[in-house]
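Residue numbering for the sequence shown follows full-length UniProt numbering, starting at 1 and increasing by one per position.
Data first, discussion second: the structure below is written as structure tokens.
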Amino acid sequence: MTNKIKLLRDAQPDVLLDASSWEKLSGDPHTVNLNAYASEDGTKTMGTLICTPGRWAVNYTKWEYCDFREGYCVLTPEGGEPIHLKAGDIFIVEPGFKGTWEVVETVRKYFVFA
Numbered sequence: 001m002t003n004k005i006k007l008l009r010d011a012q013p014d015v016l017l018d019a020s021s022w023e024k025l026s027g028d029p030h031t032v033n034l035n036a037y038a039s040e041d042g043t044k045t046m047g048t049l050i051c052t053p054g055r056w057a058v059n060y061t062k063w064e065y066c067d068f069r070e071g072y073c074v075l076t077p078e079g080g081e082p083i084h085l086k087a088g089d090i091f092i093v094e095p096g097f098k099g100t101w102e103v104v105e106t107v108r109k110y111f112v113f114a
């Protein structure tokens with residue numbers, strides 16, 4: 001029987017630079033992903049993202065949990081009002097969200113995609 005608990009205290013994350021597949025719209029944003037966990041089937045991942053200022057067009061096909069540790073950004077849904085997010089905010093993005101993600105001040109967040 002395999003262990004059903006994944007302790008990440010000593011994880012050696014996979015480092016991915018500028019791995020975002022989203023379309024850059026403005027600025028010169030750069031990302032560092034520190035992926036600490038991926039499920040065997042690849043459908044779930046978690047880790048830390050660091051991102052410098054810039055703006056992307058986004059189209060979510062997966063559910064994402066975010067815990068902002070540093071920075072400030074604005075998510076704007078297509079046809080909707082901007083949502084301002086800052087350090088200390090915890091939020092969920094549902095599949096089907098389309099719009100823009102603008103990093104105003106460099107962001108560091110913990111994330112889980114499922």
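Ideal Cβ positions, reconstructed from N, Cα and C, are used throughout, including at glycine.
8 Å contact criterion, which residue i and residue j should meet: CB distance rounded
i	j	result
residue 137	Asn59	Since the first residue of the chain shown is 1 and the last is 114, residue 137 is not available in this structure.
Trp56	Trp22	4 Å
Pro53	Pro29	6 Å
Tyr37	Lys4	About 13 Å separates the two Cβ atoms, so there is no contact after all.
C-beta atoms of residue i and residue j nearer than 7 Å
i	j	result
Lys109	Leu49	yes
Cys51	Val103	yes
Leu85	Trp101	no
Ser39	Thr31	no
Pro95	Gly47	no
Ala87	Phe68	yes
Thr43	Asn35	no
Exposed unless 16 or more other CB atoms sit within 10 angstroms - verdict on residue i
i	result
Val15	exposed
Met1	Low local confidence applies: a pLDDT of 45 at Met1 is under 50, so the model's placement there is unreliable, with the coordinate-based value given in what follows. Exposed: under 16 other Cβ atoms inside 10 Å.
Phe113	buried
Gly79	exposed
Gly71	buried
Cys73	buried
Residue i (DSSP reduced to helix, strand or coil)
i	result
Gly88	coil
Gly79	coil
Glu94	coil
Minimum length 3: unbroken beta strand (DSSP E) runs contained in the stretch 5-73: 14-17, 23-27, 31-38, 45-51 and 54-59
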